[in-house]
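Protein chains: 2
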Amino acid sequence: MDVEGRRRIVIENLKPEVEGGRLPIKRTIGEKVVVTADIFSDGHDSLSARLQYRTPKGKEWKEVPMKMMENDQWRGEFVVQEMGIYRYTVEGWIDHFKTWQKDLKKRFDSGQDFKVDLWVGAEYIEKASRRASKEDQNKLLLFSKMLKRAKGVKETLSIALGEEITEFMNHYPDRTLAVTYEKELTVVVDQKRALFSSWYELFPRSCASEPGRHGTFGDCENLLSEIVGMGFDTLYFPPIHPIGKTNRKGKNNILKVGPDDVGSPWAIGSEEGGHRSVHPQLGTLEDFERLVRKAKEKGLEIAMDLAFQCSPDHPYVKEHPEWFRWRPDGTLQFAENPPKRYEDIIPLNFETEKWQELWEELKSIVLFWIKKGVCIFRVDNPHTKPFSFWEWLIKEIKGEYPEVIFLSEAFTRPRVMYRLAKIGFAQSYTYFAWRNTKRELIEYLTELTQTEVKEYFRPNFWPNTPDILPEHLQYGGRPAFMIRLVLAATLSSNYGIYGPAFELCIHEALSGKEEYLHSEKYEIKQWNRDIPGNLGDFIVRVNRIRQENPALQKTFNLQFYEVDNETLLFYGKTTDDLSNILFVVVNLDPFHTQSGWVKVPIKELGIDPSQPYLVHDLLSDDKYIWQGERNYVELNPQVLPANIFRVRKRLKKETDFDYFV
Amino acid sequence: MDVEGRRRIVIENLKPEVEGGRLPIKRTIGEKVVVTADIFSDGHDSLSARLQYRTPKGKEWKEVPMKMMENDQWRGEFVVQEMGIYRYTVEGWIDHFKTWQKDLKKRFDSGQDFKVDLWVGAEYIEKASRRASKEDQNKLLLFSKMLKRAKGVKETLSIALGEEITEFMNHYPDRTLAVTYEKELTVVVDQKRALFSSWYELFPRSCASEPGRHGTFGDCENLLSEIVGMGFDTLYFPPIHPIGKTNRKGKNNILKVGPDDVGSPWAIGSEEGGHRSVHPQLGTLEDFERLVRKAKEKGLEIAMDLAFQCSPDHPYVKEHPEWFRWRPDGTLQFAENPPKRYEDIIPLNFETEKWQELWEELKSIVLFWIKKGVCIFRVDNPHTKPFSFWEWLIKEIKGEYPEVIFLSEAFTRPRVMYRLAKIGFAQSYTYFAWRNTKRELIEYLTELTQTEVKEYFRPNFWPNTPDILPEHLQYGGRPAFMIRLVLAATLSSNYGIYGPAFELCIHEALSGKEEYLHSEKYEIKQWNRDIPGNLGDFIVRVNRIRQENPALQKTFNLQFYEVDNETLLFYGKTTDDLSNILFVVVNLDPFHTQSGWVKVPIKELGIDPSQPYLVHDLLSDDKYIWQGERNYVELNPQVLPANIFRVRKRLKKETDFDYFV
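Those protein sequences? They're chains A and B, same order as listed. Its first residue numbered 1, the first sequence is counted upward by one per residue in the working numbering. Its first residue numbered 1001, the second sequence is counted upward by one per residue in the working numbering.
Okay, structure coming up:
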């Protein structure tokens, strides 16, 4: 009995709450945090509850009233406006005055006498007046008097139950026995780009304007306008550091290496430097800084690859042998996952006794590049370094630079991928590349957007990467590339392509594998992005549609709708206010024309079933008049495998379609 | 970096865990606690994990190895053997030796050289030897030497991967960087009766052997053999205390009261005493103690009603006016839920400033009756007293008397009912009385037995109570009573009936309500339980089946099976080892014969599809030979509305059915 036993409120099942509140949820600026909780007490008393939140720099808690929904579930919401860490919790209390009002009404309705009850109410009001401002105090005392006097029944009742007194009493509730939820939950608020971004991946060394030359940052600078023109806002480079020579891999990842072989950019470090240096053939640090600056001027961010591993030639090996694992024969333990061996890469040993120094060094690398203008990091294989390290690193960095975005490149088991998101990665690669059928896509996207996962895991959909050339792109031809582009760009508000290879529909794979033949990871390419059949214009159109339609700038507003064909996928996205409604139909079959009847959720969208509405395919610019739920679609993949319909509801009853907005 | 950053294990999603571990799960002696958790680390290392638990009196943690199931989920279990509070948690660590064995096997399979790797393994073994007993130390060092010597490849490998070394190394794992789950969870272990009990409710004052007399504890004593003979083990009495006179209710709950009216037993307290006294017409405290003792000798427990409320005449009103709510006109606030009024009952004010004294007094009442031999309390309307009070009270009582069982009589909103269970009530009344159709029953029972609810909420199914005469019993005739009895007694291992009224199929209700006409709550009854049509024999049969079949002594082993008729319900219960398999078919239609084809889950039950098996209806004693999945059933409610089949699988291949067990 050492606590206050008269606190009668229970607050349970508060959502969102990740890992029992130990880890934060995620939002971007302008997004809502909707909080629900089961709040109840013993007995029949009325309750009141408030959602409390604190901004990153705020000292005071702000309060929003919560509303009872059903089954003792209450709901409140607030919008986040600043980057950083918000806090929230919930408070509830027995509201004796509200109970009194409810009971008084019932007494009156059933014809019971309530003279004494008016005095009970007057006492509540008098108590409230002691908590009130001088001015309100007088007003409240006046109410109290009126109830005690109780002239006419109806009149007294209208005072007692009236809006005015209710509002006054809501201002001065008796919270002596209020209960605050036992935890403070946190929200990490990122910049908007964390939720809406279009990535283009490029190997700088393949950007030379003429054949046979190693590309430079200067060459990249010349491409910036083109990339921005295609509608991308994030340009991601594989590692730009010096590449090791020991055990360098040759073309197609073979161990035999020729004198011209350039090696994998992920084999970081040579006598020319490590993670703080740039590959001399790409240019200087100053060239890189200039490139970052020029890109920023065009609205483009350069995303940096963060691959915390070393080539055998990395300066760390000599300077910090204690950061590596040495074998009994005195050799360095290279990376392997038996029977696979990565002889050109040495992992850092995070179980080293000098782990603190290692962590600090890696943090200093991130800070180094932040100071060069980088604010987006694509983290290579984060799942092979301890979670505790990432949690610490990201917290440290974002405490100082809340705008920084870390993308997790983990293709591994679901628990591991989700954990990385929970401990701080703002975006994550996904299984999208291997989700092809209607059932697979619906199942996976439902998990990502309709379950608790949406609170912490922001997907970034990539149809291909330098590591992944999925089977359907190998065999589906150009239509398959278009299908996967539309899916990535409309299902997820974050998406990216491994650029030139995607634009040019490169589909030759290593036999029996989902890997590129003659992979750019091991050789310099000379891409001619203008050859016939390239997807440039199509990508421009898709990106423009994304930019012009706010509904596509979110992921968690996705809804799947019915269509009576197993190879057609039909889904929609809308803004909260329904001012922007998009329907997407995708033919998942890259070979044959498919048709079917879609079922439009007209009721949810506020579409009058008796009136036609216009659907405007933003891909083809075709327009169709639809009416009611069931409408016909037909998609020939050789022409266009998808529709992205903007729905234009009629505002007025006139029949002229000019009146559609 | 103030924590050990090298702990690489994550333990998430541990189940069972109620309210983030703040509240306990429940078990009875002999039950299993199955614990699952997602356990994983970065990288590709192998892990080991152990479930740790501590018995109520144990000082040391015991350990059980956990097994990886799939998707990083691990599982372990232990059996509880003592009443009281068990604790459990989970520990996991990177098992470098296990990783080494796994990798060594892969290296060998792919033909890689592993000479140096044998030295790596030898080092792990040497380190382990330093943690080992003298004897094991030598053995381990011998292993280490053998690996270093590495005579023949195959031979060395068979040592390195052999069972012997694996077991030794499992004995001395390196747990320096082990991670223990951050919480210790608790299990409240109750006596077996908390999960398996058969209740009979009786008004002692109606037990007189001759008409017109007020029944006594002595009369009750005469009934004990009969009640035990019917198969009940818990005899529950409504309150046995003095009944107030002020505002006493007359027959059928009217305010006008005659001189002979006996009042409601729940209007507790008069000048003759309060919660520590017995109603003088029932006998003395000594009579009651004797009754409790006599009952216990027959294996019957007397369950006491705990109704923490007062009549206006209760001694507390004068002795502790501060425990009640007084109105501005100086009158006592009686119980009400406007417009309903309970003028004969005064609630205790749990918001009183003297709440500590009130709590202590109520606790002393419970202790008073425990000392008189009572160990089961049916708590009246617990949802009108604070949760914090019950949590404290039950913890206090069970700390001293872990065998005590509290049954929660709350018929209210789901969250409230579940909360009461979570904070300590061992059993709970349910919505069973209002779940009648197949869909309703399946939905409700699935919630109770297949979700997290099963960890803390033990249902007690009552087809009727003195407060509830459900509609289907009003109209369904004798078959409806049989249907509801079988459902209650086989769906839930705890069940009870409001005795004589049920046995005699009393079905006259207050017009338009689900309440008894001439309710025993307000008058003395003279029941003749032997009149034709009484259900006595049927109840005896059902209770005997429950006693003889351990599968019916659990609730959470319930499985619904398919049957192609919407008025037939088909379900099964089995023991873990399948030594006791029961199928129940109930015709939910009390008026018509219904038939259908059931689908027996023969695969799950290990029944050979090519062989016949015998199903023995324990209700009718009829036997049927079934084969395969689909079998025919037909139930005429006028004869028997249900089958309770004991399944007898054939042990030997002989065709003679003597070989069925």
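In this text, a Cβ means the ideal position worked out from N, Cα and C, and glycines have one as well. Quick caveat, the model's predicted, so the values are computed rather than measured.
Check: Roughly how many whole angstroms lie between the Cα atoms of K1573/B and D1045/B?
Finding: 41 Å
Next item on the list: Closer than 8 Å by C-beta to R458/A: which residues in its own chain qualify, once you throw out the five before and the five after it? Chain order, please.
Entry: K26, A194, L195, A421, A426, Q427, S428, N494 and T555
Item checked: Close-in-space but distant-in-sequence residues of the same chain around W1061/B (CB under 6 Å, 5 per side omitted) -> Q1052 and R1054
Next item on the list: Let me know the secondary structure DSSP gives S408/A once reduced to three states.
Entry: strand
Note to self: Please list, in chain order, the residues of the region 1337 to 1371 of chain B that have any C-beta partner in chain A closer than 7 Å.
What the structure shows: N1337, P1338, P1339, F1350, E1351, W1355, Q1356 and W1359
Margin query: I need the boundaries of the beta strand (DSSP E) containing L1569/B, first residue and last residue.
Written below: L1568 to T1574
Checklist line | H1314/B burial status per 10 Å Cβ neighbour count (16 or more: buried) | finding: buried
Next item on the list: Take K1525/B and list the residues in its own chain whose beta-carbon comes closer than 6 Å to its own, dropping the five residues that flank it on each side.
Entry: S1206
Next item on the list: Flag R6/A as yes if its beta-carbon sits less than 7 Å from any beta-carbon of chain B, otherwise no.
Entry: yes
Item checked: DSSP-derived helix/strand/coil call for A208/A -> coil
Notebook entry, point to check: Any beta-carbon of chain B closer than 7 Å to the one on D136/A?
Noted result: no
Check: Which residue comes first and which comes last in the alpha helix (DSSP H) that contains Q474/A?
Finding: E471 to Y475
Check: Which residues share a DSSP beta bridge with P641/A?
Finding: DSSP, once it has assigned bridges, lists no residue as partnering P641/A.
Next item on the list: Might you give, ordered along the chain, the residues of its own chain that have their beta carbon closer than 6 Å to the beta carbon of I1345/B, omitting 5 neighbours on each side?
Entry: A1267, Q1309 and A1335
Check: At what residue ranges does the region 1002 to 1069 of chain B contain a whole run of the beta strand (DSSP E), taking only runs of 3 or more?
Finding: 1009 to 1015, 1025 to 1028, 1032 to 1041, 1047 to 1054 and 1062 to 1065
Check: Checking contacts by CB at 7 Å: is F1387/B closer than that to chain A?
Finding: yes
Note to self: If we define contact as Cβ-Cβ less than 7 Å, is K599/A a contact residue for chain B?
What the structure shows: no
Margin query: Can you check whether the C-beta of I1011/B is within less than 7 Å of a C-beta belonging to chain A?
Written below: no
Check: In chain order, what residues of the same chain have a beta carbon less than 7 Å from the beta carbon of L224/A, not counting five sequence neighbours either side?
Finding: K294, A295, K298 and L300
Notebook entry, point to check: Could one say the Cβ of P328/A lies closer than 7 Å to chain B's Cβ atoms, at least one of them?
Noted result: yes
Item checked: A208/A beta carbon less than 7 Å from that of D190/A -> no
Next item on the list: Just the C-alpha distance for K1148/B and W1119/B, rounded to the nearest angstrom, thanks.
Entry: 6 Å
Notebook entry, point to check: Using 8 Å as the threshold, is the region 378 to 388 of chain A in touch with the region 167 to 186 of chain A, meaning 3 or more CB pairs across them?
Noted result: no
Next item on the list: In the DSSP assignment, find the alpha helix (DSSP H) that holds Y444/A and state where it starts and stops.
Entry: K438 to Q450
Note to self: What are the residues in the region 1062 to 1074 of chain B lying within 9 Å of chain A by C-beta distance?
What the structure shows: N1071, D1072 and Q1073
Checklist line | Contacting residues, own chain, Cβ-Cβ under 6 Å from R1276/B (five flanking each side not counted) | finding: F1368
Next item on the list: Using only alpha-carbon positions, find the residue among R1008/B, D1608/B, E1508/B and M1482/B that is nearest to P1590/B.
Entry: M1482/B
Item checked: 7 Å Cβ cutoff met for T1234/B and A1303/B -> yes
Notebook entry, point to check: Which of the residues in the region 40 to 57 of chain A, read from start to end, lie with their CB under 8 Å from any CB of chain B?
Noted result: F40, S41, D42, G43 and H44
Next item on the list: Please confirm whether P386/A and D1103/B have their CB atoms less than 7 Å apart.
Entry: no
Margin query: Based on DSSP bridge pairs, tell me the residues matched to Y1086/B.
Written below: V1187/B
Margin query: With a threshold of 8 Å on Cβ separation, who are the neighbours of E77/A within its own chain once the five nearest residues in sequence on each side are excluded?
Written below: K32, V33, V34, V35, L51 and V64
Notebook entry, point to check: Is there contact between the region 1013 to 1024 of chain B and the region 389 to 402 of chain A, where contact requires at least three CB pairs shorter than 8 Å?
Noted result: no
Notebook entry, point to check: What three-state label does DSSP hand W527/A in the structure shown?
Noted result: coil
Note to self: For F1108/B, tell me which candidate among W1093/B, G1244/B and S1158/B has the shortest Cα-Cα distance.
What the structure shows: S1158/B
Notebook entry, point to check: Taking C-beta to C-beta, are P1637/B and N1580/B nearer than 7 Å?
Noted result: no
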